[in-house]
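Residues 168 to 583 in the working numbering are what the sequence shown spells out, letter by letter. Glycine included, C-beta positions come from ideal geometry on N, C-alpha and C.
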Amino acid sequence: MNKRIFTIIIALLSFAGMYADNGSNSPYSRYGVGMLSNQSLGINRQMGGLGYGLRSHSYVNILNPASFSQADTLTMLFEAGFSLQNVNFKEGGKRINASNASFDYVAIQFRVCKNLGMSAGFLPYSTVGYSFSNTSADGKNEAALNSYAGSGGIYQPYIGLGWQPFKWMSAGVMASYLYGDITHEASTDFANSVDCSKSYNVSIKSYKVDFGVQFSKIFKNKHEVVLGATYSLGHDLNAKAKITTAGPDSTVTRNVSEGFKLPHTYGIGFVYGYNSKWKVGVDYTLQQWSTSSFFGMERGIDRSKISVGAEYAPNVLSKNIFKMMSYRAGFYYAQPYTEIQHAGSFKKGCEEYGVSAGISLPFLNNNNRSSHATLHLSGQFVHMKPNASGMITENYFRINLGITFNESWFMKLKVR
Numbered sequence: 168m169n170k171r172i173f174t175i176i177i178a179l180l181s182f183a184g185m186y187a188d189n190g191s192n193s194p195y196s197r198y199g200v201g202m203l204s205n206q207s208l209g210i211n212r213q214m215g216g217l218g219y220g221l222r223s224h225s226y227v228n229i230l231n232p233a234s235f236s237q238a239d240t241l242t243m244l245f246e247a248g249f250s251l252q253n254v255n256f257k258e259g260g261k262r263i264n265a266s267n268a269s270f271d272y273v274a275i276q277f278r279v280c281k282n283l284g285m286s287a288g289f290l291p292y293s294t295v296g297y298s299f300s301n302t303s304a305d306g307k308n309e310a311a312l313n314s315y316a317g318s319g320g321i322y323q324p325y326i327g328l329g330w331q332p333f334k335w336m337s338a339g340v341m342a343s344y345l346y347g348d349i350t351h352e353a354s355t356d357f358a359n360s361v362d363c364s365k366s367y368n369v370s371i372k373s374y375k376v377d378f379g380v381q382f383s384k385i386f387k388n389k390h391e392v393v394l395g396a397t398y399s400l401g402h403d404l405n406a407k408a409k410i411t412t413a414g415p416d417s418t419v420t421r422n423v424s425e426g427f428k429l430p431h432t433y434g435i436g437f438v439y440g441y442n443s444k445w446k447v448g449v450d451y452t453l454q455q456w457s458t459s460s461f462f463g464m465e466r467g468i469d470r471s472k473i474s475v476g477a478e479y480a481p482n483v484l485s486k487n488i489f490k491m492m493s494y495r496a497g498f499y500y501a502q503p504y505t506e507i508q509h510a511g512s513f514k515k516g517c518e519e520y521g522v523s524a525g526i527s528l529p530f531l532n533n534n535n536r537s538s539h540a541t542l543h544l545s546g547q548f549v550h551m552k553p554n555a556s557g558m559i560t561e562n563y564f565r566i567n568l569g570i571t572f573n574e575s576w577f578m579k580l581k582v583r
């Protein structure tokens with residue numbers, strides 16, 4: 168039965184991945200390197216992106232590679248997920264809705280040897296996807312149609328190790344390969360004269376390295392506190408970027424050699440747990456984008472993010488379906504990471520507010536309860552608030568669906 172469920176779910180996720188886009192249809196993805204992925208999996212998304220202090224042998228947490236040390240000795244975790252979303256765009260008195268879907272991530276985790284766990288997987292780092300237009304008039308009152316479109320993104324396959332040298336401490340490292348192409352196109356079509364256009368292209372092939380530590384302490388057998396911290400190395404992405412301008416008489420291409428940089432990123436957070444049922448935690452993240460610029464036109468600014476989340480897990484081994492489920496909720500606030508040109512000056516991009524809630528439902532194998540699947544389902548509402556008048560306000564409603572398979576691949580069978 169587990170093998171059948173596994174085959175069906177993987178087929179559904181693969182089908183969704185083939186026919187889904189990259190998950191972005193926001194005009195704000197035209198700035199910087201696009202809309203940043205939240206770098207989290209199913210459990211984290213239910214809890215507002217919380218993760219620096221989370222550690223468990225029953226799910227994968229890539230927000231802190233030190234958590235990989237919790238990989239179970241006998242089982243291997245496989246996790247995959249995708250999302251469905253509807254977004255409402257509002258500008259002045261005008262509103263429009265759009266829907267899309269995206270294949271979000273795939274990850275595995277297993278024990279290498281005593282106190283050493285490994286994880287590997289694939290997820291997006293950023294996404295770009297938009298298409299919109301408006302009309303304007305030049306000094307001669309000639310009507311013009313301005314069109315803007317963009318596509319692409321940066322993708323991130325990774326591999327990581329988590330080591331637990333002491334019962335109270337774990338450390339980890341995660342190495343990722345960043346690659347992708349981003350294209351922006353802007354064109355102006357005049358009614359009575361020659362059209363013109365401009366395109367922006369960047370190709371990225373680089374790396375990303377994340378380090379993490381976790382310190383845990385148990386008090387009176389019921390209270391546990393886990394403190395987590397992470398650091399991501401900032402460096403030049405060595406991007407190949409160019410701007411091509413096509414006019415009535417010529418086409419000019421200009422190379423952009425500087426500006427695209429990966430930010431130094433610092434994260435710290437803690438999780439308090441009680442009686443193996445309750446958990447609550449807070450994370451803070453700082454990304455130093457202020458040394459970056461994009462195509463020599465947009466400036467990066469430092470970005471802060473705060474996440475708060477909670478979990479209630481009554482009894483996963485219970486036969487009561489409501490006690491089997493784990494319940495989670497959280498919210499976050501994130502600042503923009505770019506300043507954009509608006510009305511002749513630079514303005515900060517959109518501030519982001521998000522709230523989420525979800526459940527995790529295990530499907531246990533009665534013959535082998537250590538081998539099972541868990542469905543992660545969550546709903547998320549995100550509000551994108553612009554910092555300048557006349558800009559677009561975005562509201563997202565997103566459904567996140569993930570599945571974790573906990574399989575007893577390393578269990579030794581005893582023959583009698």
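Sub-8 Å separation of residue i and residue j beta-carbons
i      : j      : result
Gly118 : Ser236 : A question about residue 118 goes unanswered here, because the residues of the chain that appear run from 168 up to 583.
Ser471 : Leu453 : yes
Gly497 : Gly248 : no
Phe256 : Glu561 : yes
Gln252 : His543 : no
Gln297 : Ser196 : Note that residue 297 is Tyr in the sequence shown here, rather than Gln. Yes. Within cutoff.
Leu345 : Ser373 : yes
Gly339 : Asn228 : no
Ser266 : Ser204 : no
Tyr451 : Ile473 : yes
Phe437 : Gly259 : no
Thr397 : Gly434 : yes
Leu217 : Gly569 : no
Ser556 : Thr541 : no
6 Å Cβ shell around residue i - same chain, five flanking residues per side excluded
i      : result
Arg432 : With the sequence shown as reference, residue 432 is identified as Thr, and Arg is not the correct amino acid for it. If we look at Thr432 and ignore the five residues flanking it on each side, its Cβ neighbours are Ser399 and Gln454.
Ser364 : Ser354 and Ala413
Gly184 : Confidence at Gly184 is low in this model, with a pLDDT of 47, below 50, so the placement of that residue is unreliable and no value is reported for it.
Phe427 : Leu404 and Ala406
Val447 : Tyr439 and Ala477
Arg565 : Ser250, Gln252 and Gln547
Ala287 : Ile275 and Ile326
Met336 : Phe382
His137 : Residue coverage of the chain in this structure runs from 168 to 583, which leaves residue 137 outside it and unanswerable.
Nonlocal neighbours in the same chain, by C-beta distance under 8 Å from residue i, ignoring five residues either side
i      : result
Arg262 : Asn255 and Phe256
Pro332 : Asn282 and Ala338
Ala187 : With a pLDDT of 45 at Ala187, under the threshold of 50, the predicted position of this residue should be treated as unreliable, and no value is reported.
Phe182 : Note on Phe182: pLDDT 48, under 50, position unreliable in the model; no value is reported.
Nonlocal neighbours in the same chain, by C-beta distance under 7 Å from residue i, ignoring five residues either side
i      : result
Asn192 : Val254, Ala265, Asn267, Gly296 and Tyr297
Leu180 : Legend: pLDDT at Leu180 = 49, less than 50; position of this residue unreliable, value from coordinates given subsequently. Ala247, Phe249 and Phe270, listed in sequence order.
Lys444 : Tyr479, Ala480 and Pro481
Continuous beta strand (DSSP E) stretch holding residue i: start and end
i      : result
Met558 : Premise fails: Met558 is in no beta strand (DSSP E) and is neither H nor E.
Asp323 : The sequence shown places Gln at residue 323, rather than the Asp named in the question. Start and end: Ala310 to Phe333.
Phe548 : His539 to Lys552
His351 : Met336 to Phe357
Presumed contact (8 Å Cβ cut-off) between residue i and residue j, rounded CB distance
i      : j      : result
Ala238 : Gly284 : 3 Å
Val380 : Ala233 : 5 Å
Lys375 : Leu429 : 6 Å
Tyr322 : Ser300 : So it is not a contact: roughly 28 Å between Cβ atoms.
Neighbour flag for residue i against chain C, beta carbons, 8 Å
i      : result
Ile570 : Within the model displayed, chain C is absent; a lone protein chain is all it includes.
Run of the alpha helix (DSSP H) containing residue i, from where it starts to where it stops
i      : result
Gly215 : Run containing Gly215: none; DSSP gives neither H nor E here.
Cβ-heavy atom distance, residue i to the ligand NAD, below 7 Å
i      : result
Tyr367 : As for the ligand NAD, it is missing from this structure, which has no ligand bound.
Taking only runs of the beta strand (DSSP E) that begin and end inside the stretch 385-420, which ones reach a length of at least 3 residues, in chain order?
390-399 and 407-413
Uninterrupted beta strand (DSSP E) stretches inside the stretch 230-266 (no shorter than 3 residues)
243-258
Can you list the beta strand (DSSP E) stretches of 3 or more residues lying completely in the stretch 437-524, in chain order?
445-455, 465-467, 470-479, 493-501, 505-509 and 512-515
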